[in-house]
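The next block holds one structure in the form of structure tokens; read it before the comments.
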Amino acid sequence: MAAVIEAQNLGKRYRLGGQHQAYATLRENLVRWALNPWRRRPAMEQAWFWALRGVSFEVQQGEVVGVIGRNGAGKSTLLKLMARITRPTEGRARVVGRVGSLLEVGTGFHPELTGRENIFMSGAILGMTRSEIKERFESIVEFAEVQRFLDTPVKHYSSGMQLRLGFAVAAHLEPEILLVDEVLAVGDVVFRKKCLGKMNQVARGGRTVFFVSHNMPAVRQLCSRALLIDQGRLVADGPVDQVVNQYLACTRAGDGKGMIPADAPRVDGTGQALLRQVRLQDLDGRRLGSVHFGQPFQVTALYQVLEPIDDAAVEVGISTADGHRVATITSLDAGGPLLAMTPGWWEVSVRVRAHLMPRPYRLDLAMHHMVNTHLTIDWVDGVLDFDALPVAQSGDDHYRDFASDKVRGYLRLAGDWSAPRPAERDGD
Amino acid sequence: MKRPQSAATPHLQIIEPPGRWLSLRWGELWDQRGLLLLLAERHIRVRYKQTVLGVLWAVLQPLIATLLFTVLFGNLLGVQRHLAMPGVPYAVFVLSGLLPWMLFASTVSGAAASLVGEAQLMTRVYFPRAVIPLSVMGYTLLDFLVAAGVLAAMMLVMGVAPSPLAWLTPLVVLMILAAAAGCGLVLAGLTVKYRDLRFVLPFVMQLWMFLTPVIYPATVIPAGLRWLTALNPMSGLIQLTQRLLLGAPCAWGDVLISLVTATLLFLLGFVVFWQIEDSFADIV
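Order-wise, the sequence lines are chains A and B. Using the working numbering, the first residue of the first sequence is number 52, and each one after it goes up by one. Using the working numbering, the first residue of the second sequence is number 171, and each one after it goes up by one.
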């Protein structure tokens, strides 16, 4: 098989200061020029940064390649280069085949136009000819399920309908190389499943797909290979499981302080609910940054529930800072009920008394369906860092002598000891 | 649009840094003419859906302007006396000058604002950027045609017979569009870079109109300055319109100079645009 994409040493440099300082005002430039016609721009404005540098790879025909990395790592820049939206500063890529890019759902939609008009508009902007759109029109409408609203302006559509229509158009693009950026991060579960199914179909049809996403389950499901980009460099390129694991191992989902963005890298999940915040508190609700040996504490998780759930269990994991699970607490442990939540924001909290040896730890949180599908609803590792400290000076004297930083292991378990009694020498 | 590629000639693209030298992209633009037409169509649909007045606006705008200029300049200031065109009322003269001017001005300002308005689109998908400013002609040309109907009606009512050469005016309209495209492309590119250009442009266009023989005959310009005003492409093109339509006197030397500057403006517009279009997605 021949390589359809051959990238050599691709690099893209941007002016520092974000895109909003990229354009100046004419007035400023005229004034500056009038004041000092001979000087070039001030040095400050000549600060640059490389959004992407030295990226080389090859993609064979029919490969489905995931591009992963944290926010701002350069994934989208790479996609924009491949889509020709922006030109590289250095390097070169050779692309064989028609390229279609799906960097947003509903590209080229105009709210005043009807669904029918927008299908033609968006299709043309994405690169389809009029006859291609006509040919696929029925199929697009069917996929989007908007038959009855074809002649209604899109501004009267629900956001879900707009999404479906936008994706339907793009999904029928049928280019030889399809570039997709994070479009599956939106919409409800049914819609996302449908999109994933369609993309699977596209991929199996022998076309090459470049898929940028934070959604690790989707990347694992769709892609055979992944590129990991970090700080503009290509740091890993290989089988999808290996690269995704490498990424998850070196990345945290949140800021380590308990805030988790909606698009944080999740280990797994259907997306029906998203963990958005985790707090470590004492039993009176005061925030804690550390827990003394044996001190009871409370973990409160704030979930954004997007779809009704009625059979869930929440799992709180305590892991070492480098990710080895030390202990797990679940809402089912003491025969607790299945959790039911309607769309909205919900808080789940659990009180724990764990005898953690003094070390740095982190919390992992997951929510699972416990009936029927047994799917994982949401799973995020390393959401909150905290330290376990030696026993507090006051109170809890029972364990005072127990804990010191010299003790081995992570957890001290309370046991029932019996007094020493004389024993017969065993056996031989 | 793209023709289906046969297996023998796969569609090959080289992605590399923008070159330093002149790049002409006529072929690519021609390939995307379908998109250009569709965008033009979108402008028309949106325009006539959004404004309740719709077509009425295209009728009223030139009419009101004509009325205003006729009362102010024609009657109060007495420009009418300089007209030297027997049988042509000042109102008809003004409207026949306003029509080509408004076509030019609305195309230029529409094109100038267009790229910034489509910022979202430019950062999401690739296509030859020039189709955005060029598609503005969809509605400016339609507005022009509607207004041309108004002029025809006015000539009919006032009993002004069109000149035997009137059938040639579409060619002048093409030249006006070419000049407007060139000018609009440059301004569209500059507006991406310098956002405050948007606020300056209306004044510039207003000033430009008064420097162009739109509401006064070119004959009132002192002879020593005529060659200078002829450099303004619209100066000759409007004279030509009025000559072809009404048989108004016209300086052919002016017309020739304007035809040359209009052509140069057209070419320059594309060359400049293609030189800077690669950076649009980064700064828009």
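Every residue gets a Cβ at the ideal spot worked out from N, C-alpha and C, and that includes glycine.
For residue i, I'd like the list of residues in its chain whose CB is within less than 8 Å of its CB, leaving aside the five on either flank, ordered along the chain.
i       : result
E367(A) : Checking the displayed sequence, the identity of residue 367(A) turns out to be Val instead of Glu. Same-chain partners within the cutoff: V350, A352, T379, I380, T381, V401, V403, L414, D415, L416.
R149(A) : G178, P226, E227, I228
I427(B) : W397, A400, L401, G406
L438(B) : G352, V356
P162(A) : P204, V205, K206
D288(A) : F108, R276, A277, L278, L279, V294
S193(B) : W444, Q445
A454(A) : Only weak support is given to the placement of A454(A): the predicted model assigns it a pLDDT of 47, under 50, and the value that follows is read from those uncertain coordinates. Excluding positions up to five away in sequence, the list reads F344, G345, H406, M408, P409, P441, V442, R463.
Q70(A)  : Reliability fails at Q70(A), whose pLDDT of 44 lies under 50, so the model's placement of it is uncertain and no value is given.
G244(B) : Q250, Y260, A261, V264
Identify which residue in the options has its Cα closest to the Cα of residue i.
i       : options                            : result
D429(A) : I136(A), T321(A), V205(A), L230(A) : T321(A)
F125(B) : L304(B), T399(B), A275(B), C420(B) : No information on residue 125(B) is available, as it lies outside the stretch 171 to 454 that chain B covers here.
V454(B) : Q290(B), L265(B), L410(B), F373(B) : Q290(B)
R215(A) : E398(A), L230(A), K244(A)          : K244(A)
A281(B) : R195(B), C420(B), A210(B)          : A210(B)
L429(B) : R294(B), G394(B), G308(B), V342(B) : V342(B)
L335(B) : F450(B), L414(B), W200(B)          : L414(B)
G345(A) : A254(A), R64(A), Y298(A), A465(A)  : A465(A)
H181(B) : L132(A), A300(A), G151(A)          : G151(A)
G309(A) : Y65(A), D432(A), E475(A), T158(A)  : D432(A)
L389(A) : R143(A), W396(A), D362(A), T371(A) : D362(A)
Q328(A) : S341(A), V356(A), D335(A), H375(A) : V356(A)
L435(A) : P473(A), L331(A), D467(A)          : L331(A)
G319(B) : L285(B), Q183(B), V225(B)          : V225(B)
V263(A) : M133(A), L230(A), R410(A)          : L230(A)
A171(A) : E233(A), V270(A), H223(A)          : Here residue 171(A) is Phe; the residue named in the question, Ala, does not match the sequence. Of E233(A), V270(A), H223(A), the residue nearest in Cα terms is H223(A).
W99(A)  : G248(A), D281(A), R66(A)           : R66(A)
P419(B) : V362(B), N245(B), S333(B)          : S333(B)
G329(B) : P340(B), F440(B), V262(B)          : V262(B)
R368(B) : R212(B), V441(B), G354(B)          : G354(B)
T158(A) : D232(A), R255(A), R104(A)          : D232(A)
L285(A) : L103(A), W84(A), E475(A)           : L103(A)
D384(A) : M421(A), M392(A), F242(A)          : M421(A)
R135(A) : G248(B), P387(B), R299(B)          : R299(B)
P126(A) : V253(A), L273(A), R138(A), F261(A) : It is Lys, not Pro, that sits at residue 126(A) in the sequence shown. Ranking V253(A), L273(A), R138(A), F261(A) by Cα distance to K126(A) puts F261(A) first.
G423(B) : Q409(B), G417(B), F436(B)          : Q409(B)
Among the residues of its own chain, which have a CB less than 6 Å from the CB of residue i, if the five just before and after it don't count?
i       : result
I56(A)  : V110, V146
A405(A) : none
N169(A) : F160, V205
F194(A) : A219
T431(B) : L401, P403
R195(B) : W444
W397(A) : Y354, V356
What residues in its chain sit with their C-beta under 7 Å from that of residue i, if we drop five residues either side in the sequence?
i       : result
G460(A) : M408
P268(A) : D319, G320
S284(B) : I302, P303, V306, A358
G256(A) : none
### Task
Tell me the start and end of each unbroken alpha helix (DSSP H) in the stretch 180-233 of chain B that is at least 4 residues and wholly inside, in chain order.
196-201, 203-220
### Message
Residues of the stretch 181-204 of chain B in Cβ contact with chain A at a cutoff of 7 Å, in chain order, please.
### Response
H181, L182, Q183, I184, I185, E186, P187, P188, G204
### Query
Quick check: the stretch 187-201 of chain A against the stretch 117-128 of chain A, are there 3 or more CB pairs under 8 Å?
no
### Query
Taking Cβ-Cβ distances below 9 Å as the criterion, which residues of the stretch 191-215 of chain A are in contact with chain B?
P204
### Task
Specify whether the stretch 227-241 of chain B and the stretch 192-212 of chain B touch according to this definition: at least 3 beta carbon pairs, one from each stretch, less than 8 Å apart.
no
### Query
Would you call the stretch 261-281 of chain B and the stretch 365-376 of chain B touching, i.e. three or more CB-CB distances under 8 Å?
yes
### Task
Mind the definition here: the stretch 345-360 of chain B touches the stretch 260-268 of chain B only if three or more C-beta pairs lie below 8 Å; say whether that holds.
no
### Task
Pull out every residue of the stretch 131-150 of chain A whose Cβ sits closer than 9 Å to any Cβ of chain B, in chain order.
K131, L132, M133, A134, R135, I136, T137, R138, P139, T140, E141, G142, R143, A144, R145, V146, V147, G148, R149, V150
### Query
Going along the chain, which residues of the stretch 361-393 of chain B sit with their C-beta nearer than 8 Å to a C-beta in chain A?
V362, K363, Y364, R365, D366, L367, V370
### Message
Output needed in chain order: residues of the stretch 279-306 of chain B with a Cβ under 7 Å from some Cβ in chain A.
### Response
L291, T293, R294, V295, Y296, F297
### Query
Quick one: complete alpha helix (DSSP H) runs, 4+ long, within the stretch 287-316 of chain A?
291-301
### Query
For the stretch 208-234 of chain B, which residues have a CB atom closer than 7 Å to at least one CB atom of chain A, in sequence order?
L208, R212, R215, V216, K219, Q220
### Message
I'd like to know if the stretch 318-336 of chain B and the stretch 180-189 of chain A are in contact, where contact means that at least 3 CB-CB pairs between them fall below 8 Å.
### Response
no
### Query
Which runs of the beta strand (DSSP E) spanning at least 3 residues fall entirely within the stretch 261-309 of chain B, listed in chain order?
none
### Query
What residues from the stretch 286-313 of chain A come within 8 Å of chain B, judged by C-beta to C-beta, listed N to C?
none
### Task
Could you list the residues in the stretch 153-175 of chain A with a C-beta less than 8 Å from some C-beta on chain B, going in chain order?
L154, E155, T158, G159, H161, E163, L164, E168, F171, M172, A175
### Query
Quick one: any contact between the stretch 369-376 of chain A and the stretch 324-339 of chain A, if contact means 3 or more CB pairs under 8 Å?
no
### Task
Compile a chain-ordered list of the residues in the stretch 347-360 of chain B whose CB is closer than 9 Å to at least one CB of chain A.
L360
### Query
Fully enclosed by the stretch 331-388 of chain B, which alpha helix (DSSP H) runs are 4 residues long or longer?
339-363, 367-381
### Message
Give the list of continuous beta strand (DSSP E) stretches no shorter than 3 residues that lie fully inside the stretch 173-225 of chain A.
### Response
none
### Query
Which residues, in chain order, does the stretch 440-454 of chain B contribute to contact with chain A at a C-beta distance below 7 Å?
D448, A451, D452, I453
### Message
Could you tell me which whole alpha helix (DSSP H) segments of length 4 or greater appear in the stretch 413-448 of chain B?
### Response
422-446
### Residues of the stretch 251-272 of chain A with Cβ closer than 9 Å to any Cβ of chain B, in chain order
none
### Message
What ranges does the beta strand (DSSP E) occupy inside the stretch 414-440 of chain A, keeping only unbroken runs of at least 3 residues that lie completely in it?
### Response
427-440
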